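Number of protein chains: 2
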Amino acid sequence: MIPTFSSRINQEPTSLDALFALSGRADLISFAGGYPDPALFPKKELNNAFENRIKKSSSEIFQYRSILGYEPLRKRIANYAETTGITCQPENIMLTQGAQQGIKLLAGLFLDDFDGVVVEAPTYAGGLEAFNDHKPTYYEIPMEDDGMNIDILEKTLEENNVKLIYTIPNFQNPTGYCMSIEKRKRLAKLASKHNVMVIEDDPYRELRYTGNALPSIKSFDLTENVVTLGSFSKILSPALRCGWLIGAKEIVDQLSSLRLSYDCQSSNILLEGIDEYLDHNDIATHISKLRDVYQHKMNAMLTGLSENLPTECSFSKPTGGFFIWVNLPESLDARELLNKTRKVTFLEGSSLFATSKETNHLRLNFTGITEKQIKEGCIDLGNTIKHALLSLAI
Amino acid sequence: MIPTFSSRINQEPTSLDALFALSGRADLISFAGGYPDPALFPKKELNNAFENRIKKSSSEIFQYRSILGYEPLRKRIANYAETTGITCQPENIMLTQGAQQGIKLLAGLFLDDFDGVVVEAPTYAGGLEAFNDHKPTYYEIPMEDDGMNIDILEKTLEENNVKLIYTIPNFQNPTGYCMSIEKRKRLAKLASKHNVMVIEDDPYRELRYTGNALPSIKSFDLTENVVTLGSFSKILSPALRCGWLIGAKEIVDQLSSLRLSYDCQSSNILLEGIDEYLDHNDIATHISKLRDVYQHKMNAMLTGLSENLPTECSFSKPTGGFFIWVNLPESLDARELLNKTRKVTFLEGSSLFATSKETNHLRLNFTGITEKQIKEGCIDLGNTIKHALLSLAI
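Structural data, given as structure tokens:
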């Protein structure tokens, strides 16, 4: 007989499970996932990179290597970080198994059971999953179209013991909202004042379709209270499983020990392959291609929603990223809607709230599907919502 | 200011840190690591495998894929498991980021704080690191040359609340000992009787240099109380970061949810690369080459130790694996010895005991170095021990 699982384990299927399950169904138009467009992966260039790097390397490329990850790649990321306002050295960087591992490691490093954790409402389900293991005391801060409400954050920090703030400042998952520069400054200052750690999760930064990039929150951090996470998953390929974490040396050193017990280290083959790709390709050119395609898809979805959603609904108008957030009238339940659509699936939003579990929201992804599918899906979604409202009125 | 770390975090450098640090010093002969011989990595064949597989695949090879990992590779592992006495389906298998991640995930799935965990004394440091996070109540079972003392295990299970037993049945890290078939049977029976989970960590199974392979502990498990871990790290390449975990579907399903919060999934590129390698190469032939080279190295070290260690020392005589375990007279401290050797480093054993922290043992690795280095290192080690004994006698 299998012994009982840990009391930390939530045996209910999680929203991430549901998301991965839905994403696999070929018969449906999936607004549910968070996948890049596979047609945009630089397949030939990546293949050349792996082939050339393995060919010219010694056998040591297949050996255990550094826990922090291949140093030349960390140097590149340090240089890139400069463009976001962050000054750091390779020793401040750990290459992680996706940005997800960075969240998990930081949760493990800082959290004791029941510690206070501030999250945006709504937020990324993978963040919540990583924190849940530590039985946190959650404080939800409402999202606004220029980022979380910092007045409420300030009050929360004054009145409660908070250890960690988790935020996605650029094109937030799931709302698509971007935090204003003023809020970034205030957030860094508040974290310093209240001695709170900030996880700045920033996988969508480079996927800005209009306007200018904003400095990272960490660029305003004078007291090492901010750790920034980035990733190649959305701008190159998720199967490279390569994210990064930038923080104080003291934090990165301690995470190295922790990392050993998690999975030892990233694959040196993948890290060197990425380094080789960056040697021979201009990733900026590649990213500008992504921006172009994704902007068209985003606009197609914004148009589709404008044309098809009833006026009782509202939705976010992002300037980048992967997602649009739809607010239904409170009388509608997004979970019920999910069973009523004919062709389209989406991520119903209740599981994206740490505590309030609001049931009248939908997260829609536009990157992983075609413009034709976006158009069709929006019509189906609009009809389903209109029908549900009509049934309600009867 | 950086907030305080979690109370779960051990801020002392761990033995794994020390090991990785020592392994990087080119001026030393390292008996300390646990590295395969890089000259034996099938570099050309692996390069061909990656190149061919990427070339003939769709772009989806670079996309997010299954959480359990590429199914055809899981099918192969299910077939391989048959040869170890295990009957399973691909759905019973998760591909992990090295076997280390398997230990960590299982610790996370089963352990509540202070739960009882049985470990061999000595044991693998990475196992202890993975459990330590859960503040376990450790029960040490002494190692014998045919595996842990099962009488003491039986008594321990009768008298205490134990949740998990962690064992390395083949060519144990660090002793090199192999568990007898009788003990495997008794262990499986006891786990079932007392409703305890067994982690059978088996990365060295294929590296047997003499004698016949023994059935896995899981082959005697009638009640799904055993999970078996394996890995390509020691038989193909550690940089592939590919291990596997075989267990009851209920366990694997629950681990899938947990895995999402850790790092989402393994790299599909690496998994398909391994699958392609296995399509075109006979790994059995490759492994028989490893066995031949490692057996010579092991014999060189056994001879070197016989010729150079004073009679007050004893050491294990393994028939496979990566390690030899040296017992010093109790008057000597292995940690002090480490500072006195001229050319050679080793892993001092105290950190490999969960609680007893015995200080008179050394773990020596013979795979990652040349026979010439083994010979030289044994002379240096012998001289250092003799000198230390002489100083003690004065």
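Taken in sequence, the protein lines are chains W and F.
Quick note: the first sequence uses the numbering used here, first residue 28, plus one each step.
Quick note: the second sequence uses the numbering used here, first residue 28, plus one each step.
Even glycine gets a Cβ: it sits at the ideal position worked out from N, Cα and C.
It should be emphasised that the depicted structure is a prediction, and the values quoted were computed from it without experimental measurement.
Quiz item: So, do the segment 305-322 of chain F and the segment 362-382 of chain F have three or more beta carbon pairs nearer to each other than 8 Å?
Solution: No, because fewer than three Cβ pairs between the segment 305-322 of chain F and the segment 362-382 of chain F fall closer than 8 Å, the two stretches do not touch.
Quiz item: Roughly how many angstroms lie between the CA atoms of F:GLU186 and W:THR382, to the nearest whole one?
Solution: Counting from one through the second sequence, the residue named residue 186 of chain F turns up at place 159. Counting from one through the first sequence, the residue named residue 382 of chain W turns up at place 355. Inter-residue distance for F:GLU186 and W:THR382 is about 42 Å (C-alpha atoms, whole angstroms).
Practice problem: Might you give, ordered along the chain, the residues of its own chain that have their beta carbon closer than 7 Å to the beta carbon of F:LYS131, omitting 5 neighbours on each side? | Solution: Taking the first residue of the second sequence as position 1, residue 131 of chain F is located at position 104. Scanning its chain for C-beta atoms nearer than 7 Å, with the 5 sequence neighbours on each side dropped, one finds around F:LYS131 the residues ALA157, in chain order.
Self-check item: For W:GLY257, the residue or residues it bridges with in DSSP
Solution: Translated into positions along the first sequence, residue 257 of chain W becomes position 230. Residue pairing of W:GLY257 in beta bridges, as defined by DSSP: W:TRP271.
Quiz item: Which bits of chain W does F:ASN295 rub up against, with CB to CB less than 8 Å?
Solution: Here residue 295 of chain F corresponds to residue number 268 of the second sequence, with the count starting at 1. By Cβ distance, chain W contributes ALA266.
Exercise. Would you tell me roughly how many angstroms separate the C-alpha atoms of W:ASP172 and W:GLU181, rounded to the nearest one?
Key: As a first step, residue 172 of chain W is located in the first sequence; it is residue number 145 there, counting from the start. As a first step, residue 181 of chain W is located in the first sequence; it is residue number 154 there, counting from the start. Going by the C-alpha atoms only, they are around 18 Å apart.
Quiz item: Quick one: is W:PRO169 buried, meaning 16 or more other Cβ sit within 10 Å of its Cβ, or exposed?
Solution: Within the first sequence, numbered from 1, the residue matching residue 169 of chain W stands at position 142. Of the residues assessed, W:PRO169 falls on the exposed side of the cut-off, its CB having fewer than 16 other CB atoms within 10 angstroms.
Practice problem: Apply the 10 Å Cβ neighbour rule to F:ARG369 and answer buried if 16 or more other Cβ atoms are within range, or exposed otherwise. | Solution: Start at 1 with the first residue of the second sequence, and residue 369 of chain F comes out as number 342. By the 10 Å Cβ count, F:ARG369 comes out exposed.
Quiz item: In chain order, which alpha helix (DSSP H) runs of at least 4 residues are fully inside the segment 269-337 of chain W?
Solution: Counting whole runs of 4 or more residues, the segment 269-337 of chain W contains the alpha helix (DSSP H) stretches 276-289, 295-307, 310-335.
Self-check item: Identified DSSP bridge partners for W:HIS388
Solution: Position 361 of the first sequence holds residue 388 of chain W. According to the DSSP secondary-structure assignment, W:HIS388 is paired through a beta bridge with W:ASN354.
Quiz item: Counting pairs of beta carbons, one from the segment 246-264 of chain W and one from the segment 214-234 of chain W, are three or more of them closer than 8 Å?
Solution: Yes, the segment 246-264 of chain W is in contact with the segment 214-234 of chain W.
Self-check item: Pairwise C-alpha distance: W:GLU303 and F:GLY174
Solution: Position 147 of the second sequence, counted from the start, is the residue given in the question as residue 174 of chain F. Position 276 of the first sequence, counted from the start, is the residue given in the question as residue 303 of chain W. The straight-line gap from Cα to Cα measures roughly 46 Å.
Practice problem: Specify the secondary structure class of W:LEU263 as computed by DSSP and reduced to three states. | Solution: Within the first sequence, the letter at position 236 stands for residue 263 of chain W. W:LEU263 falls in the coil class under three-state DSSP.
Quiz prompt | Inter-residue CB distance, F:ARG92 and F:ILE120 (contact presumed, cutoff 8 Å) | solution = Sequence index remark: in the second sequence, residue 92 of chain F carries index 65 (1-based). Sequence index remark: in the second sequence, residue 120 of chain F carries index 93 (1-based). Contact flag wrong, Cβ pair sits at about 15 Å.
Exercise. Tell me, to the nearest whole angstrom, how far the beta carbon of F:LEU297 is from that of F:CYS269; I am working on the premise that it is less than 8 Å.
Key: What you label residue 297 of chain F is simply residue 270 of the second sequence in a count that begins at 1. What you label residue 269 of chain F is simply residue 242 of the second sequence in a count that begins at 1. Between F:LEU297 and F:CYS269 the beta-carbon gap is near 6 Å, inside 8 Å, which marks them as a contact.
Practice problem: Starting from the C-beta of W:GLY347, find all residues in its chain whose C-beta is less than 6 Å away, skip the five residues before and the five after it, and write them out in chain order. | Solution: Taking the first sequence and counting its residues from 1, one reaches residue 347 of chain W at position 320. So the qualifying residues of the chain are PHE198, LEU234, ARG235, TYR236.
Self-check item: Partners in chain F for W:PHE373, counting only beta-carbon separations shorter than 9 Å
Solution: Against the first sequence, residue 373 of chain W aligns to sequence position 346. Residues of chain F passing the Cβ test: none, with the nearest at roughly 18 Å.
Exercise. Note down the Cα distance separating W:SER429 from W:GLY129, rounded to an integer number of angstroms.
Key: Outside the shown range of chain W (28 to 421) lies residue 429 of chain W, about which nothing can therefore be said.
Quiz item: So what does F:THR194 bridge to, in DSSP terms?
Solution: As a working note, residue 194 of chain F is residue 167 in the second sequence. In the DSSP output, where bridge partners are listed per residue, F:THR194 has F:GLU227.
Exercise. Provide the residue span of the alpha helix (DSSP H) that contains W:GLY125, from first to last.
Key: Taking the first residue of the first sequence as 1, we reach residue 125 of chain W at position 98. That run of the alpha helix (DSSP H) goes 125-137.
Quiz item: How about the segment 336-356 of chain W and the segment 202-211 of chain W: do they share at least three Cβ pairs that are nearer than 8 Å?
Solution: With a cut-off of 8 Å on Cβ pairs, the segment 336-356 of chain W is in contact with the segment 202-211 of chain W, counting three or more such pairs.
Quiz prompt | Contained beta strand (DSSP E) runs [length at least 3] in the segment 152-191 of chain F, N- to C-terminal order | solution = Whole beta strand (DSSP E) segments, 3+ residues: 164-171.
Self-check item: Closest Cα partner of F:LEU389 within the set F:ILE36, F:GLU147, F:ARG362
Solution: By 1-based counting over the second sequence, the position of residue 389 of chain F is 362. For F:LEU389, the nearest C-alpha among the options comes from F:ARG362.
Exercise. Specify whether the segment 319-337 of chain F and the segment 106-125 of chain F touch according to this definition: at least 3 beta carbon pairs, one from each stretch, less than 8 Å apart.
Key: Taking 8 Å as the limit for Cβ pairs, the verdict is that the segment 106-125 of chain F does not touch the segment 319-337 of chain F.
Exercise. In the DSSP assignment, find the unbroken alpha helix (DSSP H) run with W:GLU147 in it and report its ends.
Key: Position 120 of the first sequence holds residue 147 of chain W. No alpha helix (DSSP H) holds W:GLU147; the beta strand (DSSP E) holding it covers 143-148.
Quiz prompt | 7 Å Cβ cutoff met for W:GLY125 and F:ASP290 | solution = The sequence position of residue 125 of chain W within the first sequence is 98, counting from 1. The sequence position of residue 290 of chain F within the second sequence is 263, counting from 1. The answer is yes: Cβ separation under 7 Å.
Exercise. Kindly indicate the opening and closing residues of the alpha helix (DSSP H) around W:TYR62.
Key: Residue numbering aside, residue 62 of chain W sits at position 35 when the first sequence is read from its first letter. It is not in any alpha helix (DSSP H) - W:TYR62 carries neither H nor E in the DSSP assignment.
Self-check item: Extent of the continuous alpha helix (DSSP H) run through F:ARG80
Solution: As a position in the second sequence, residue 80 of chain F is number 53, starting the count at 1. Its alpha helix (DSSP H) spans residues 70-83.
Quiz prompt | Residue environment, F:ASN74, which counts as buried when at least 16 other CB atoms sit within 10 Å | solution = Numbered from 1 along the second sequence, position 47 holds the residue referred to as residue 74 of chain F. Buried, because 16 or more other Cβ atoms sit within 10 Å of the Cβ of F:ASN74.
Exercise. Compute the beta-carbon to beta-carbon distance between F:LEU427 and F:LYS190, rounded to the nearest angstrom, for a pair I have assumed lies under 8 Å.
Key: Any question about residue 427 of chain F goes unanswered here, given that chain F covers just 28 to 421.
Quiz item: By Cβ distance below 6 Å, which residues in the same chain neighbour W:GLU251 in space, the five residues on each side in sequence not counted?
Solution: Stepping through the first sequence from its first residue, residue 251 of chain W is reached at position 224. ALA275.
Exercise. Just mark F:ILE148 as buried or exposed, buried being the case when its beta carbon has 16 or more other beta carbons within 10 Å.
Key: Numbered from 1 along the second sequence, position 121 holds the residue referred to as residue 148 of chain F. Per the sequence shown, residue 148 of chain F should be read as Ala rather than Ile. It counts as buried.
Quiz item: Can you tell which of F:ILE278, F:CYS405, F:LEU329, F:HIS313 has the C-alpha that lies nearest to the C-alpha of W:THR31?
Solution: Within the first sequence, residue 31 of chain W is the residue found at index 4, counting from 1. Measuring from the Cα of W:THR31, the nearest candidate turns out to be F:ILE278.
Quiz item: Going by beta carbon distance, what residues of the same chain come within less than 6 Å of W:ASN308, once the five residues before and after it are set aside?
Solution: Sequence index remark: in the first sequence, residue 308 of chain W carries index 281 (1-based). Shown here for W:ASN308: same chain residues with a beta carbon closer than 6 Å to its own, the five before and five after excluded, namely GLU72 in chain order.
Exercise. Give every residue of the same chain whose Cβ lies closer than 7 Å to the Cβ of W:GLU403, excluding the five residues on either side of it in the sequence, and list them in chain order.
Key: Reading the first sequence from its first residue, position 376 is the one you call residue 403 of chain W. Once the five neighbours on either side are set aside, the close Cβ partners of W:GLU403 are ILE56, LYS370.
Self-check item: Own chain, CB closer than 8 Å to F:ASN222, minus 5 neighbours either side, in chain order
Solution: Here residue 222 of chain F is taken as the residue at index 195 of the second sequence, counted from 1. Closer than 8 Å at Cβ, skipping near neighbours: ASN252.
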